[in-house]
């Protein structure tokens with residue numbers, strides 16, 4: 055495994071680690087309404103994520119909840135059980151309209167399918183902050199916060215290509231292709247592969263972001279392509295299933311396996327050598343900036359931010375997760391987000 059040691063990458067990973075550890079507090083099945091003690095409650099924000107069954111999403115919700123408390127606004131969090139549940143997300147948007155919410159912070163379950171509901175919200179005068187998975191029509195949101203998933207998956211592909219010496223057979227496990235994240239990660243990975251004429255993508259299949267489906271997909275890939283050298287799973291839930299299937303087939307030691315997101319399970323798999331690398335996403339940025347921008351939009355403050363805030367991703371190998379401490383994590387968060395009051399063990 056090629057070694058990388060970049061200090062900024064360590065700090066970016068610290069963000070991810072912290073979120074995945076502290077995120078358990080926010081394991082809300084349907085909704086969790088939060089406001090700070092003594093808050094006026096004048097601003098009401100509906101925060102709509104994609105699934106309760108992924109630690110990364112729970113961590114983002116936790117950071118959003120903490121920032122809302124810091125700002126003194128009401129935040130109602132919604133996380134459905136399944137990431138494919140567009141009907142649930144549409145219903146949640148409609149509820150926010152009925153409740154007279156001032157703003158909606160949303161990651162789209164379907165980049166196209168959510169548009170009619172968002173259009174109704176905009177007609178009702180509700181501010182829209184889109185984060186992570188895009189709404190496909192940019193005119194439907196006031197601001198966007200997220201990572202460059204094409205770039206992130208490109209990094210994963212380049213890493214695999216380098217480990218293979220520029221030649222070999224690879225497999226790709228995609229997420230939901232109705233979501234921009236699924237499309238962009240596929241695009242970025244294949245962009246990297248296209249730079250290596252001696253690398254062949256011999257297998258591609260979707261596992262809908264699910265670990266159990268990814269295990270089945272991996273088993274099928276290994277059976278149909280016994281000479282395969284590497285597999286990229288475009289989120290870490292799927293990477294966990296990929297690793298389990300490779301181990302069950304007795305082939306894990308012979309494969310380059312790479313994930314995407316930065317959940318704690320992936321960190322542990324990298325540390326024990328079962329997963330070669332993953333791409334870490336900026337969960338604290340996505341969690342904090344959604345409520346912060348929504349609040350500024352509602353107040354019509356002269357708050358300076360780009361309409362689209364795009365944060366970098368970080369390729370993480372074993373050296374980047376060794377030696378991290380809580381202090382490293384808290385110090386970095388305090389420096390990056392000074393409006394958040396950080397105590398010895400949290401907010």
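In the working numbering, the protein residues as written are 55 to 401. The C-beta atom is built at its ideal place from N, Cα and C for all residues, glycine as well.
| field | Entirely enclosed alpha helix (DSSP H) segments - the region 269-352, minimum 4 residues | value | 290-302, 318-325
| Does any C-beta atom of chain B lie closer than 8 angstroms to the C-beta of residue 147? | Included in the structure is just one protein chain, with no chain B present.
| said: Quick check on the DSSP output: the alpha helix (DSSP H) that includes residue 141 runs from which residue to which? | reply: 140-153
| task | Find the nearest neighbour of residue 254 within the set 260, 245, 261, judged by alpha-carbon distance. | result | 245
| Do the CB positions of residue 369 and residue 213 come within less than 8 angstroms of each other? | yes
| Excluding the five sequence neighbours on either side, which residues of its own chain have a C-beta within less than 6 angstroms of the C-beta of residue 315, listed in chain order? | 110, 289, 290, 335
| So residue 198 packs on residue 351, CB below 8 angstroms; how close in whole Å? | With 8 angstroms as the limit, residue 198 and residue 351 do not qualify as a contact, their Cβ atoms being about 12 angstroms apart.
| said: Which of the three DSSP states is assigned to residue 81 in this structure? | reply: Only weak support exists for where residue 81 lies, its pLDDT of 30 falling under 50; the coordinates are left without a value.
| field | Whole alpha helix (DSSP H) elements within the region 161-191, 4-residue minimum | value | 169-177
| field | Contact between the region 181-195 and the region 215-229 (3+ Cβ pairs under 8 angstroms) | value | no
| task | Examine the Cβ distances between the region 303-310 and the region 231-245 and report whether three or more of them are shorter than 8 angstroms. | result | no
| field | Nearest-angstrom Cα separation, counted from residue 345 out to residue 83 | value | In this prediction, residue 83 scores a pLDDT of 39, lower than 50, which makes its location untrustworthy; the coordinate-derived value is nonetheless stated afterwards. Those two C-alpha atoms are separated by around 20 angstroms.
| Boundaries (first-last residue) of the alpha helix (DSSP H) holding residue 213 | 203-217
| said: Going by C-alpha to C-alpha distance, which of 165, 137, 128 sits closest to residue 153? | reply: 128
| Which of helix, strand or coil does DSSP assign to residue 263? | coil
| Where residue 106 falls: helix, strand or coil (DSSP) | coil
| request: Please classify residue 134: is it buried, with 16 or more other beta-carbons within 10 angstroms of its beta-carbon, or exposed? | output: buried
| request: Indicate whether residue 158 and residue 180 have their beta-carbon atoms separated by less than 8 angstroms. | output: yes
| request: Could you please give the first and the last residue of the uninterrupted beta strand (DSSP E) stretch that includes residue 244? | output: It is not in any beta strand (DSSP E) - residue 244 instead sits in the alpha helix (DSSP H) that spans 234-247.
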